[in-house]
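Q: First the structure, then my questions, so here it is.
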Amino acid sequence: QKARAAGGSAFSFTEVEAGVDADHHVAEGYDADILLRWGDALFSDSPVFDPKNQSAAAQSRQFGYNNDYVGYIPIDGSSQHGILVVNHEYTNPHLMFPGLVTIADGKIKQAKLSKEEVDIEMAAHGGTIVEIRKADGKWQVVPDGKYNRRITAVTETELTGPVAGHERVKTSADTTGTKVIGTFNNCAGGVTPWGTYIMAEENFHGYFSGELPADHKEAANHKRYGVPEGAYEWADFYDRFNVAKEPNEPSRFGWIVEVDVLDPTSTPKKRSALGRTKHEGAASIVDKDGRVVFYLGDDERFDYVYKFVTSGTYTANDRTANMNLLDEGTLYVAKFTEDGTLQWLPIVHGQGPLKAENGFASQADVLIETRRAADLLGATKMDRPEDIEPNAVNGKVYVMLTNNTKRKPEQVDAANPRADNAFGHIIEITEDGGAFGATSGKWEVLLKCGDPAVADVGASFSTETTKNGWFGMPDNCSIDAAGRLWVATDGNNNKATGRTDGLWAVDTEGDARATSKLFYRVPVGAELCGPLFLPDDQTAFVAVQHPGDGGDDWSGHGRPSYYEDLSTRWPDFKDDMPVRPAVVAITKVGGGKIAV
Ligand code: FEO
Ligand code: CA
Ligand code: CA
Ligand code: CA
Numbered sequence: 068q069k070a071r072a073a074g075g076s077a078f079s080f081t082e083v084e085a086g087v088d089a090d091h092h093v094a095e096g097y098d099a100d101i102l103l104r105w106g107d108a109l110f111s112d113s114p115v116f117d118p119k120n121q122s123a124a125a126q127s128r129q130f131g132y133n134n135d136y137v138g139y140i141p142i143d144g145s146s147q148h149g150i151l152v153v154n155h156e157y158t159n160p161h162l163m164f165p166g167l168v169t170i171a172d173g174k175i176k177q178a179k180l181s182k183e184e185v186d187i188e189m190a191a192h193g194g195t196i197v198e199i200r201k202a203d204g205k206w207q208v209v210p211d212g213k214y215n216r217r218i219t220a221v222t223e224t225e226l227t228g229p230v231a232g233h234e235r236v237k238t239s240a241d242t243t244g245t246k247v248i249g250t251f252n253n254c255a256g257g258v259t260p261w262g263t264y265i266m267a268e269e270n271f272h273g274y275f276s277g278e279l280p281a282d283h284k285e286a287a288n289h290k291r292y293g294v295p296e297g298a299y300e301w302a303d304f305y306d307r308f309n310v311a312k313e314p315n316e317p318s319r320f321g322w323i324v325e326v327d328v329l330d331p332t333s334t335p336k337k338r339s340a341l342g343r344t345k346h347e348g349a350a351s352i353v354d355k356d357g358r359v360v361f362y363l364g365d366d367e368r369f370d371y372v373y374k375f376v377t378s379g380t381y382t383a384n385d386r387t388a389n390m391n392l393l394d395e396g397t398l399y400v401a402k403f404t405e406d407g408t409l410q411w412l413p414i415v416h417g418q419g420p421l422k423a424e425n426g427f428a429s430q431a432d433v434l435i436e437t438r439r440a441a442d443l444l445g446a447t448k449m450d451r452p453e454d455i456e457p458n459a460v461n462g463k464v465y466v467m468l469t470n471n472t473k474r475k476p477e478q479v480d481a482a483n484p485r486a487d488n489a490f491g492h493i494i495e496i497t498e499d500g501g502a503f504g505a506t507s508g509k510w511e512v513l514l515k516c517g518d519p520a521v522a523d524v525g526a527s528f529s530t531e532t533t534k535n536g537w538f539g540m541p542d543n544c545s546i547d548a549a550g551r552l553w554v555a556t557d558g559n560n561n562k563a564t565g566r567t568d569g570l571w572a573v574d575t576e577g578d579a580r581a582t583s584k585l586f587y588r589v590p591v592g593a594e595l596c597g598p599l600f601l602p603d604d605q606t607a608f609v610a611v612q613h614p615g616d617g618g619d620d621w622s623g624h625g626r627p628s629y630y631e632d633l634s635t636r637w638p639d640f641k642d643d644m645p646v647r648p649a650v651v652a653i654t655k656v657g658g659g660k661i662a663v
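For reference, each letter of the sequence shown is one residue, going 68 to 663 in full-length UniProt numbering.
Laid out in structure tokens, this is it:
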């Protein structure tokens, strides 16, 4: 164990100054190199990215939009050669399509999308699987690598597990209830111990439009998930996104998707046993008894923390034996009690309220309406559960809770201790008996986020934390090989504080506990996703999402278009290139482990 730096922190690096400008910034002594940008080629037949003449055919052979989860599957155990998996969560048409947005008399107008533009959006969603290699200390994409693949909103997937073939997931195009076209809004995810890629389907409600009669048998189900939100225009061209025409289609989304990356022709599997929610991600760990435990956040205000424990056990060195582990197991939802204990409540048909009298005829019904099942079980309503990561080194589990400004004073509880929670918090769970598969545990709040200099905020960073080191809105996180916690934020950027999203190193042990330091920050308008430390701790990959977006009115006119936005042209800084989401590789200058 390496000696700790001054103040007891496990991290030794010079903090980045908080601030905001057109570029990204990493701590001194580190390189932050662009690895993959929206539109980059993955295959030798990928058309060169031409943003003014983009097509769906080109996009489906290029790196997609708004990179979120980043995972790595080593080849032969290497931290220098492996398969990178990246989710493409959503699209920003105003930043993608030239001329879509016009501004006249200070008013912003966004035109309707054409069918080709909708098809480009569909091809820009999903995920990328790509072989990468480190040569002379720098990462490179291997073009035409034998695993290289794009998964999109039109890739055929298979629904497996208890919901497969159920009447409620059959549609006019799929009378089997097993063949689902596409996966989208893949936010965070995971890599399983057996080396498959997990894509979590999150805000699927946005893609559906139309209206169902209030007395339709799926109306209440849809309402609980906010379906249809109508944020996308896909229903204009594809009936399956119109709930009036295909009322069962939304129930085919909101699942955990597993992809066998070693076979580029494999059909991605929607693993229904893990429940249907707005899944943030699915980080996993092998328990002492060999069962595999997946931690699952449902990212919505007042929704829940879940975990799934496989029935079968993990077999090392026999990949095939593990390939259907995700079809059988127990899904649990968390109840955090005031005394600092935690119960994992099983979501099992026939147990407690999950019976026919409440409209659940089978486990398939329970899983399709996972949220309602958890409501009836009395789970704890949380402040937007995002990434949840088990820590193999210290045995704890870290839960990122982004924020919840809708929580009223009378709704405060010990696990969600602030009303109007604008900055979020982090909970640390200790499972009973040191077993990740346990059905009870203990918990405490590691950190209440926000500016410690503003007393009303009630933040709990250590006094060692500088004005650069505090953050709000924890979203994604990574545990490095040394067991240290790194947190990426979503929404920490605002004009009032002159800050951006970024990557923070957070101490969890000893006197330095709850000390945070800024390691990397994103360009204006962006949010940080991904973070991933490779097994040798010598590379951190981060995903810069929606750079230049005007969500917080940075440009002065709210939603800057491809042409109008002057705030940044990251990462190319060329007049004929739009801003581009990109995956960045962070390494130490001259090599070596990061921040030790
Ligand atoms: Fe896609 Fe929960 O963030
Ligand atoms: Ca978030
Ligand atoms: Ca997220
Ligand atoms: Ca995010």
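Where is the CB? At the ideal position from N, CA and C, for every residue including glycine.
Bear in mind that the values here come from a model prediction, so they are computed numbers and not experimental data.
Can you pull the DSSP bridge partners for Cys-596?
A: Ala-610, per the DSSP bridge assignment.
Q: Say the cut is 7 Å; is the CB of Asp-306 nearer than that to a heavy atom of ligand 1?
A: Not under cutoff, so the answer is no.
Q: Which term fits Tyr-629, buried or exposed, when burial requires 16 or more other beta carbons within 10 angstroms of its beta carbon?
A: Since pLDDT at Tyr-629 reaches only 45, below the 50 mark, its modelled position is unreliable, and no value is offered.
Q: Run through the DSSP bridge pairs and tell me what Val-153 is partnered with.
A: Paired residue(s): Val-137, Thr-195.
Q: Would Pro-476 be called buried (16 or more neighbouring beta carbons within 10 Å of its own) or exposed?
A: Classification of Pro-476: exposed, given that the 10 Å Cβ count is below 16.
Q: Please report whether the beta-carbon of Ala-178 lies at a distance below 8 Å from any beta-carbon of chain D.
A: Here chain D cannot be found, since the structure has a single protein chain.
Q: Nearest by alpha-carbon distance to Glu-225: which of Thr-334, Ala-662, Gly-144 is it?
A: Cα-wise, what sits closest to Glu-225 is Thr-334.
Q: Using only alpha-carbon positions, find the residue among Pro-314, Met-449, Gly-426 that is nearest to Tyr-373.
A: Of Pro-314, Met-449, Gly-426, the residue nearest in Cα terms is Met-449.
Q: So what does DSSP say about Asn-309, is it helix, strand or coil?
A: Reduced to three states, the DSSP call for Asn-309 is strand.
Q: Taking the alpha-carbon positions, what's the Leu-434 to Leu-398 distance?
A: Taking the straight line joining both Cα atoms gives about 9 Å.
Q: Please report the residue range of the beta strand (DSSP E) in which Glu-390 lies.
A: Residue identity differs from the one stated: residue 390 is Met in this sequence, not Glu. Per DSSP, Met-390 belongs to no beta strand (DSSP E) and is neither H nor E.
Q: Rounded to whole angstroms, what is the Cα-Cα separation between Ala-108 and Thr-532?
A: Ala-108 and Thr-532: Cα-Cα distance of roughly 42 Å.
Q: Determine the contact status of Val-656 and Gly-96, defining contact as a CB-CB distance below 8 Å.
A: Yes, Cβ-Cβ distance for Val-656 and Gly-96 is below 8 Å.
Q: Considering only residues of the stretch 79 to 148, which uninterrupted alpha helix (DSSP H) runs meet the minimum length of 4 residues and lie entirely inside it, listed in chain order?
A: The qualifying runs are 123 to 126.
Q: Which same chain residues end up closer than 8 Å to Gly-565 when comparing Cβ atoms and leaving out the 5 residues on each side of it in sequence?
A: Closer than 8 Å at the Cβ level, and outside the excluded window around Gly-565, lie Ala-85, Gly-86, Val-87.
Q: List the residues that DSSP assigns as beta-bridge partners of Trp-553.
A: DSSP, once it has assigned bridges, lists Ser-545, Ala-572 as partnering Trp-553.
Q: Can you have a look at Asp-112 and say buried or exposed, based on whether 16 or more other CB atoms are within 10 angstroms of its CB?
A: Exposed, since its Cβ has fewer than 16 Cβ neighbours within 10 Å.
Q: Three Cβ pairs or more, each shorter than 8 Å: is that satisfied between the stretch 184 to 201 and the stretch 117 to 127?
A: The stretch 184 to 201 vs the stretch 117 to 127: in contact.
Q: Mind checking Gln-129: buried by the 16 CB within 10 Å criterion, or exposed?
A: Buried, by the Cβ-count rule.
Q: My understanding is that Asn-133 touches Pro-648, with C-beta atoms under 8 Å, so please give their C-beta distance in whole angstroms.
A: About 5 Å separates the two Cβ atoms, so the contact holds.
Q: Mark Gln-605 as exposed unless 16 or more other C-beta atoms lie within 10 angstroms of its C-beta, in which case mark it buried.
A: Buried, since its Cβ has 16 or more Cβ neighbours within 10 Å.
Q: Going by C-alpha distance, which of Tyr-214, Val-376, Lys-201 is nearest Thr-506?
A: Closest option to Thr-506, Cα to Cα, is Val-376.
Q: Grab the span of the alpha helix (DSSP H) containing Thr-437 for me, first residue to last.
A: Here the alpha helix (DSSP H) through Thr-437 covers 437 to 444.
Q: Use the C-beta contact count for residue 45: other C-beta atoms within 10 angstroms, 16 or more gives buried, fewer gives exposed.
A: The shown model of the chain, from 68 to 663, leaves out residue 45, and the question about it has no answer.
Q: When the Cα atoms are used, what is the spatial distance from Asp-643 to Leu-167?
A: Taking the straight line from one Cα to the other gives about 16 Å.
Q: I'd like to know if the stretch 362 to 371 and the stretch 463 to 480 are in contact, where contact means that at least 3 CB-CB pairs between them fall below 8 Å.
A: With the cut-off at 8 Å, the stretch 362 to 371 and the stretch 463 to 480 touch.
Q: If you draw a straight line from the alpha carbon of Leu-514 to that of Val-524, how long is it in whole angstroms?
A: Between Leu-514 and Val-524, the C-alpha separation is close to 12 Å.
Q: Between Cys-516 and ligand 3, is the CB less than 7 Å from at least one heavy atom?
A: For ligand 3, not one heavy atom lies less than 7 Å from the Cβ of Cys-516.
Q: Could you spell out where the alpha helix (DSSP H) holding Ala-287 opens and where it closes?
A: Note, Ala-287: alpha helix (DSSP H), 286 to 291.
Q: Quick one: which unbroken alpha helix (DSSP H) runs of 4-plus residues sit fully inside the stretch 357 to 422? Chain order, please.
A: If we require 4 residues or more, the alpha helix (DSSP H) runs fully inside the stretch 357 to 422 come out as 386 to 389.
Q: What's the call for Glu-405, buried or exposed, on a 16-neighbour Cβ count within 10 Å?
A: Exposed, since its Cβ has fewer than 16 Cβ neighbours within 10 Å.
Q: Cβ-heavy atom distance between Cys-254 and ligand 3 below 7 Å?
A: It does: the Cβ of Cys-254 is within 7 Å (strictly closer) of some heavy atom of ligand 3.
Q: Across the stretch 213 to 224 and the stretch 250 to 257, are there enough close Cβ pairs to call them in contact, namely three or more that are closer than 8 Å?
A: A contact exists between the stretch 213 to 224 and the stretch 250 to 257.
Q: I need the straight-line Cα distance from Gly-379 to Val-400, nearest angstrom please.
A: So the alpha carbons of these two residues sit roughly 20 Å apart.
Q: Please work out which residues of its chain come closer than 7 Å, Cβ to Cβ, to Val-353, disregarding the five sequence neighbours upstream and downstream, and give them in chain order.
A: Around Val-353: Pro-260, Val-359, Tyr-381.
Q: How long is the line joining the alpha carbons of Glu-511 and Thr-408, rounded to whole angstroms?
A: Each residue's alpha carbon lies about 9 Å from the other.
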